[in-house]
Amino acid sequence: MKDVRVLLGDITQSDADCIVNAAKKSLLGGGGVDGAIHKAAGPELVKECATLGGCETGEAKITKGYKLKAAYVIHTVGPVYSGAESDAVLLGQCYTNSLDLAKKHNLHSIAFPAVSTGVYGYPPEKATVIAVEAVKKWKDENRDYRMRVDFYCFSEMMYAQYILKLKNTRY
Ligand code: AR6
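The following block contains the structure:
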């Protein structure tokens, strides 16, 4: 896919216009990538998050990035993996709603972690397929809008999953 990259490393170091946080419904911080983003952004981030009234699964909300390189953070809440069909729908919505929000704010680059694949238990081989397909569909539907998408992977295993899926995806 054009303008789509797979990167191995820490998403808090991303130079994208916005980075996506795999948050919890309260938006008040947690472990994993959420903890890393809050730590890197500084205490102003949780203060702004506290004004947002939480976030439902599959939805996305935006804040400033504070001390991060990224100007904005888009907070999305992935599903806790249960094996139900709705898991895939909700996970796809995390990507689509984050991309819509980035476009609404006139942002042209976005970095995603592998939402739901840590604490929330989504199997990586399934989650990466949903992530890549949701991004491809969104890019197909927004051909007139330039958007660089970076998939940030925190392990070699996750990196390999994305590379495999992207190799088999035609743009
Ligand atoms: N950069 C990129 N990816 C990371 C980083 C990082 N710095 N740190 C972890 N990952 P998780 P979830 C990867 O558990 O499953 C939190 O407590 C990690 O290896 O962060 O959506 C929230 O508050 C994994 O592949 O998010 C929620 O309560 C991926 O990011 C809950 O966890 C997602 O793992 C959300 O669970």
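By the working numbering, the letter at position 77 of the sequence shown is numbered 896, and the numbering carries on one by one without gaps. Beta carbons: idealized from backbone N, C-alpha and C, even for Gly.
Kindly identify the DSSP beta-bridge partner or partners of Phe793.
Nothing about residue 793 can be reported from this structure: the residues present for the chain run from 820 to 990 only.
Any idea if Ala930 is buried or exposed, counting beta-carbon neighbours within 10 angstroms, 16 or more meaning buried?
Residue numbering aside, residue 930 sits at position 111 when the sequence shown is read from its first letter. Counting Cβ neighbours within 10 Å, Ala930 comes out buried, since at least 16 surround it.
Could you say which of Asn925, Gly877 and Ser901 lies nearest to Asn961 if we only look at CA atoms?
For the purposes of this step, residue 961 is identified with residue 142 of the sequence shown, where counting begins at 1. Asn961 has its Cα closest to that of Asn925, out of Asn925, Gly877 and Ser901.
How should Met977 be labelled, buried or exposed, when 16 other C-beta atoms within 10 angstroms of its C-beta is the threshold for buried?
On the sequence shown, position 158 is the one that residue 977 refers to. Per the 10 Å Cβ criterion, buried.
Limits of the unbroken beta strand (DSSP E) element including Asn961
As a first step, residue 961 is located in the sequence shown; it is residue number 142 there, counting from the start. From DSSP, Asn961 is part of no beta strand (DSSP E); its letter is neither H nor E.
Considering only heavy atoms of the ligand AR6, does any lie closer than 8 Å to the CB of Val938?
Within the sequence shown, residue 938 is the residue found at index 119, counting from 1. It does: the Cβ of Val938 is within 8 Å (strictly closer) of some heavy atom of the ligand AR6.
Look up Asn840 in the DSSP assignment and say whether it is helix, strand or coil.
Residue numbering aside, residue 840 sits at position 21 when the sequence shown is read from its first letter. Three-state result, Asn840: strand.
Tell me whether Val938 sits in a helix, a strand or coil according to DSSP, three-state version.
Translated into the one-based positions of the sequence shown, residue 938 becomes position 119. Coil.
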